[in-house]
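Undergrad: Numbering (this note's numbering), first residue to last: 261 to 515. Backbone N, C-alpha and C fix where the C-beta goes; we use that ideal spot for every residue, glycine too.
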Ligand code: GDP
Ligand code: MN
Ligand code: MN
Ligand code: MN
């Protein structure tokens, strides 16, 4: 497989049509996977915000008093308020905020980003990233680029390990996972549990190309990769019943 950035994309503005911006700068997209950083999806969708828009609740005040920002200063309670408003559940409130976003992604600070955001304080994640991915996919198809799968990505931390990596927030034109269950290994043993989250694996690979700083490469074209014949699944976000880690966090919180 080959991953190449879509070069020369401008600073993305509210109302921009990402499919158009990308189609103008890339050809031979048929049959590829296109990854797009959520940062530019959010910018195009006008998901910027400013701290002054968040009148602080007592809860946000209380939360902020327990957390320090990177400079060791007490967290701005307006930021805590923004995180609460983007979230359906607060799982950890100190030493950092871990929440579930409205579309099911569990991440620090509800994924609110302060990097690569000119003119505003905050960039919120797209409201419904799979719908964003579908709009881009449809926009490309309307411009003659058939059979493109689209993944909206973000850089995210993970439990148990240092470092961040790319993850998929939303996807369109392909399933999220490849189900290996029932396949056989080299010894003929049947695989019982392996469901491969291909959208996350592609997002992580693409993140190597986008970089995290000033590179200016939010979109990556993945060529010569195929989903293949295995059964697909769109389950990515675990439900509470199915999520031991989240259940443990809830118990720990209420003790
Ligand atoms: P995130 O992982 O979705 O939070 O996005 P990042 O902030 O890590 O940015 C991913 C890539 O997109 C980096 O190469 C940034 O330099 C680039 N980027 C961010 N915003 C823009 C933009 O408006 N235009 C362009 N051309 N690149 C951008
Ligand atoms: Mn960022
Ligand atoms: Mn981000
Ligand atoms: Mn990133």
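Express the C-alpha separation of residue 300 and residue 481 in angstroms, rounding to a whole number.
TA: Distance between the alpha carbons of residue 481 and residue 300 is about 15 Å.
Undergrad: If we require 4 or more residues per run, which alpha helix (DSSP H) segments fall completely within the stretch 372-414?
TA: Counting whole runs of 4 or more residues, the stretch 372-414 contains the alpha helix (DSSP H) stretches 389-402.
Undergrad: Going by DSSP, which residues form a beta bridge with residue 426?
TA: According to DSSP, residue 426 bridges with 415.
Undergrad: Since residue 444 and residue 458 are thought to touch, with beta carbons under 8 Å apart, how far apart are those beta carbons, to the nearest angstrom?
TA: Wrong, their Cβ atoms sit about 20 Å apart, outside the cutoff.
Undergrad: On the criterion of 16 or more Cβ atoms from any shown chain inside 10 Å, does residue 405 qualify as buried, or is it exposed?
TA: Residue 405 comes out buried.
Undergrad: Of all residues in the structure, which have a C-beta closer than 5 Å to any heavy atom of ligand 4, taken in chain order?
TA: Ordered along the chain, the selected set is 415, 472.
Undergrad: Please classify residue 499 as buried or exposed, where buried requires at least 16 other C-beta atoms within 10 Å of its C-beta.
TA: Answer is exposed; the Cβ neighbour count stays below 16.
Undergrad: Does the beta-carbon of residue 437, which I'm using as the reference point, lie nearer than 7 Å to any heavy atom of ligand 3?
TA: No.
Undergrad: Is the beta carbon of residue 428 closer than 8 Å to that of residue 407?
TA: No. Outside cutoff.
Undergrad: Looking only at its own chain, which residues have a Cβ that is under 7 Å from the Cβ of residue 289, when we skip the five neighbours before and after it?
TA: So the list reads 400, 405, 408, 481, once near-sequence residues are dropped.
Undergrad: DSSP three-state call for residue 431: helix, strand or coil?
TA: Looking at residue 431 - three-state DSSP - the assignment turns out to be strand.
Undergrad: Quick one, which of 280, 273, 285, 279 has its alpha-carbon nearest residue 264's?
TA: Checked all of 280, 273, 285, 279; the closest Cα to residue 264 is 285.
Undergrad: For ligand 2, list every residue whose C-beta falls under 6 Å from any of its heavy atoms, going in chain order.
TA: In chain order, the hits are 299, 373, 375, 376.
Undergrad: Under 7 Å Cβ to Cβ from residue 343, same chain only, skipping five residues before and after it: list those, please.
TA: The residues are 357, 359, 369, 370, 372.
Undergrad: Taking residue 416 and residue 367 to be in contact with their CB atoms under 8 Å, please state how far apart those CB atoms are, rounded to whole angstroms.
TA: Contact holds; Cβ gap of about 5 Å.
Undergrad: Report whether the distance from the Cβ of residue 357 to the nearest heavy atom of ligand 1 is below 7 Å.
TA: Checking every heavy atom of ligand 1 against the Cβ of residue 357, none is found closer than 7 Å.
Undergrad: If you draw a straight line from the C-alpha of residue 267 to the C-alpha of residue 440, how long is it?
TA: Each residue's alpha carbon lies about 35 Å from the other.
Undergrad: Helix, strand or coil for residue 282 per DSSP?
TA: Helix, per DSSP.
Undergrad: Taking buried to mean at least 16 other C-beta atoms within 10 Å of its own C-beta, is residue 365 buried or exposed?
TA: It counts as buried.
Undergrad: In chain order, which continuous runs of the beta strand (DSSP E) of length 3 or greater are located wholly inside the stretch 287-319?
TA: Listed in chain order, they are 293-297.
Undergrad: Could you tell me the alpha carbon to alpha carbon distance between residue 435 and residue 341, rounded to whole angstroms?
TA: When rounded, the distance between both Cα atoms is 34 Å.
Undergrad: Within this structure, are the beta carbons of residue 323 and residue 353 separated by less than 8 Å?
TA: Contact: yes.
Undergrad: By DSSP, does residue 506 sit in helix, in strand, or in coil?
TA: Helix at residue 506.
Undergrad: Please classify residue 505 as buried or exposed, where buried requires at least 16 neighbouring CB atoms within 10 angstroms.
TA: Result: exposed.
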